[in-house]
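In our numbering, the protein residues as written are 19 to 1284.
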């Protein structure tokens, strides 16, 4: 029995482990994949699953995913949500793997959640699932492994043949196997637990074949499939040179030379089984191709197995012609592998159709120098390098003393064990740094047309410097220096208008003007300062990333996170001129290196090389990763309430200092806000508004043009004859410090409204969003006046929590600032209700003969400024005229036609479509960015002053649900016969009507809550050749409410069939009575609740009736003491899922009394009195008929006079709502005193008997016992 329990528990334990492994998995493939190893890639982060964006997605990335999932090799890397769009977060973007990572999460990528993608860009992968080939030159050749019993096992070559190879090649989508004569040698590997596989040849997967484990050593089977070489080189001088062509979808096509460089050439040469890349040719050097151009904008790292694995636009996606066909020249017989550059590594040679390593016998500096020259790698640098050993066959060589080429050497294969040759060449000097303090700083010079020349500093920034530092193997770029900081060069200025992304391998790969084409002098020569001995890899800027050092042998090595802390991070940040350490650990990928350094610092060292560096070899048991840091950067804002406002401080030589405020301007402040990721410059300060700081001033005169990436990129010079005024200190208020921002729009002062809570930005719900709150935001942002306040996610949906547009926060600038520092109220809105707005800067016309002509001036940042006339035209003028209510433009004069303005020139290069609501909504360079003088001030002459149309609402701006509402638009105009438009500020509501008069009326029948909002009128007059657009009218707010009447309460007794509306009533236990709730209402459906306020119990009944009067009865067949209490009626209706309640009716207090003889006597007396009254009435009727046949019964004025005053005072409260009735009490009946009624002969002196006389008489009897 015990053994059976063990049998039961073992599978449960195994199942638990499997479930645990599944739960701990951080990635998965989902969607419409065909197997467990294909689908949309999702990663688990912060408790939720999210997708990965396809920017930079490559086959190498997909391969890391497949290996992490135990799914073999990648067959395809998919983009554009081919497995369906995901939902929720997009966790990863710009993923770039080297192929050595154990997890996709270890690859370089943006910060989790930071992306510029939509779910239409979700990536997917297709993995081989049950088979993979390893140790080959690419995915289509190598040793065979299969996935069996949850483990990868190598397949033995025993019984391995053509059938098995066909199944594998077909499964990995690599065509057919080559014959045994064509198979390359992947070395001999013995496997103690291999698998013997037997296939028929028609299986679709190797998993369908039969497998038998072998417990003895065997040689591992290998395959070499025909699709290994999807490339060819055409029109070259040998097999390793020519135009690059790719075979895709049954057709050969070329590769465009955009971004084509040595990394791409290295991949091509390796894939073609050629040697080292010598030249990456462009401009169809080997002739123009035909038909398709398959690839463009390749971005290889140089380590990919195939050219198609590099990131690229997509097959067939390009903007090239065949004059841009790319080519390569590779060495046929030589290559350097496993090195740090393409000019360093282990030497391998191609001999008798096979690659092998070169033994170090008879090998010296002379032979190495010859190889360096042959590979175009410059002079020999080091012969003491070691770049590992190879499993390939070994060759021995002997070169003649006068040999000038390796082809003159004799080569033979050897079976002896030997160490391979490794060395480093200096590389080709296409770039150098001159006049710096070390080899990694100086003026940038490039080699072109056999001549050195400089680079102009136009658009020169830190991204350009990064390319230079990487190309010079000088670590990370610290500063991009303009203005011939390292002295003026001589000769040609080869490059100008540099615009690098930052990941290029050469300045030649960046966007730039044609070589030699520039508008510069040598006073504008560009320079760089690189970190030399330290670099930060895969960071978000130059001050963050994974730490690597170049120590002793000038080889870059990883620093391991062993005892890595703030002391070490402080030294790195100081050496990189990056301020203070912020974080000592972050996810910046992994190099995969096992060798590196363990570092220990005191914290005060000037360089990491002054710390203690100890060699460290990481084992498979070590759980730590490489060290990484995030530094503050060399600029910060101090003294403000958050990081985006305050005194500007600059970090230099290990110390923070101020920036002089004497020449501080908007362009300088713009760079600071950009560098700190704080939006745009909102306001500048120059008089120590945020304190004095340390008192030390690093920067005196600074000149930025506003487009630099960092403040260090701007031109800096000291005052020549004096120092900066100590009281003048630069400061800035960046837009992200204001607590409110507008995003997701290319137009300034327009976009989705977001408010700041701590360091997090949240969208705002449009439920209570209106024009007045939008105006508060516009004023707070110095954006002028609001033109529209659309809801419904008009500017796109945000993510995360949504905040309410509360009156307490959005009243004005002060309340907005207070809520940002305190707390906004979270809303239950979804992001489909995100609020937006559009503001426009104020505009005026100056110097003309009326308010509708003159020089155009714009109000921005508290100051009026002009508009430059570059690209100024009638369309732009028309926008200004319409914005001012001046009709259409009739002329758009330039060249300061209305005189020169003063102050800033706010706008330049304006391009309007004509539909904009304001001139600042047109495309322009940005406020304050121009290349103009006031002699170029733009002006406009408009058709005339046009009145805004007015809107009135009837019956009022506050109406009941279901009412009919009329909007009347009117305008004072001489242009009769135009079109009126009624619009809402939110949504797309629009009604238009043509009118020959000055007004038009629009009716909205039976309004509901969707009709609430701000309405305004527009007026348009169509002329023969254009349309006059009148200015937008002022809005009016329509509010829809539900107002319920107070219900009436009354009581009915069945004994005498009369209705009472008293305040109190006494009822004998056991008797029956009924309470009636009635109401006048416009709403046909609803419920009425009869509530006993003593017991707090309620009874609900639906109302019945018609027109506007509805009621419900609540019967009490036998009243008990439990029914005693004060009763009220409450009316309720449900409209569009919202419930509305009336005020309660007046109270009716019911007292239950016991049965007694007095009550019986009272009942009998009441009955007798009623009988007596009926007899009297009958007698009078009989008498009248006897005397005046055919006439109706009449009472004398005397009788009526006795009854009518009491009736008037005791009107039914159920009908008139009065509260004039005295309580009805259970006491003895009171007799009605009657006067004798005289005969009345005249018909005119008599009054008709009221039809409800009996009821009214009974009503006057007090009291009745029920």
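Heads up, the beta-carbon is just placed ideally off N, CA and C, and yes, glycines get one too.
Uninterrupted beta strand (DSSP E) stretches at least 3 residues long and entirely within the segment 121-155 occur at 142-145 and 149-152, given in chain order. The DSSP assignment places complete beta strand (DSSP E) segments of no fewer than 3 residues inside the segment 1068-1144 at 1076-1078, 1082-1086, 1091-1098, 1105-1110, 1115-1120, 1122-1124 and 1127-1134, in order along the chain. For residue 475, no alpha helix (DSSP H) encloses it, and the DSSP letter there is neither H nor E. Of the residues 1149, 770 and 477, the one whose Cα lies closest to the Cα of residue 518 is 477. Following the DSSP letters along the chain, one finds residue 56 inside the beta strand (DSSP E) bounded by residues 56-63. For residue 961, the closest of 871, 974 and 105 by C-alpha to C-alpha distance is 871.
Minimum Cα-Cα distance from residue 780 among the listed residues 749, 846, 830 and 129 corresponds to 846.
C-alpha of residue 129 to C-alpha of residue 110: approximately 7 Å in a straight line. When the Cα atoms are used, residue 732 and residue 908 turn out to be separated by approximately 43 Å. Out of 344, 352 and 269, the CA that lies nearest to the CA of residue 309 is found in 269.
In the DSSP annotation of this structure, the continuous segment of the beta strand (DSSP E) that includes residue 733 starts and ends at 733-735. Using a 10 angstroms sphere on the CB of residue 432, the tally of other CB atoms stays under 16, which defines it as exposed. Put simply, of 276, 161, 1061 and 85 the residue whose alpha carbon is nearest the alpha carbon of residue 119 is 85. Contact between the segment 869-883 and the segment 825-840 is not established, with fewer than three Cβ pairs separated by less than 8 Å. Per the C-alpha coordinates, the member of 986, 76, 852 and 802 positioned closest to residue 329 is 76. For the segment 386-419, there is no continuous alpha helix (DSSP H) assignment of 4+ residues that stays within its boundaries. Remark: fewer than three beta-carbon pairs, one from each stretch, lie closer than 8 Å, so the segment 522-535 and the segment 491-505 are not flagged as touching. The C-alpha of residue 619 is placed about 6 Å away from the C-alpha of residue 585.
Among the bridge pairs identified by DSSP, residue 566 is matched with 553 and 576. Under a 10 Å Cβ-count criterion, residue 314 is classified as buried, with 16 or more other Cβ atoms of the shown protein chains found around its own Cβ. Residue pairing by DSSP places residue 875 opposite 862 and 884 in a beta bridge.
Under the three-state reduction of DSSP output, residue 304 falls in the coil class, being neither helix nor strand. The beta carbon of residue 177 sits closer than 7 Å to those of 214 and 216, all from its chain and outside the five residues before and after it, given in chain order. DSSP, reduced to helix, strand and coil, places residue 895 within a helical segment of the structure shown.
Residue 474 sits away from residue 548, with the two beta carbons spaced by 8 Å or more.
Between residue 460 and residue 451, the CB-CB gap stays under 8 Å. Take the alpha-carbon of residue 55 and the one of residue 1057: they are about 57 Å apart. Counted as a single uninterrupted DSSP element, the stretch harbouring residue 789 is not any beta strand (DSSP E) but the alpha helix (DSSP H) occupying residues 789-798. Membership of residue 780 in the beta strand (DSSP E) is indicated by the continuous run 778-782. Rounded to whole angstroms, the separation of the alpha carbons of residue 225 and residue 182 is 11 Å.
For the pair residue 809 and residue 752, the CB atoms are not nearer than the 8 Å cut-off. Put simply, the segment 1062-1070 touches the segment 1149-1167. At least three CB pairs are less than 8 Å apart.
The residues 718 and 719, in chain order, have a CB closer than 7 Å to that of residue 737 in the same chain once the five nearest residues on each side in sequence are set aside. Ranking 434, 340 and 344 by CA distance to the CA of residue 379 puts 434 first. Per DSSP, residue 593 is one residue of the alpha helix (DSSP H) stretching across 584-593.
Counting every other CB atom within 10 Å of its CB across the protein chains shown gives residue 754 a total of 16 or more, marking it as buried.
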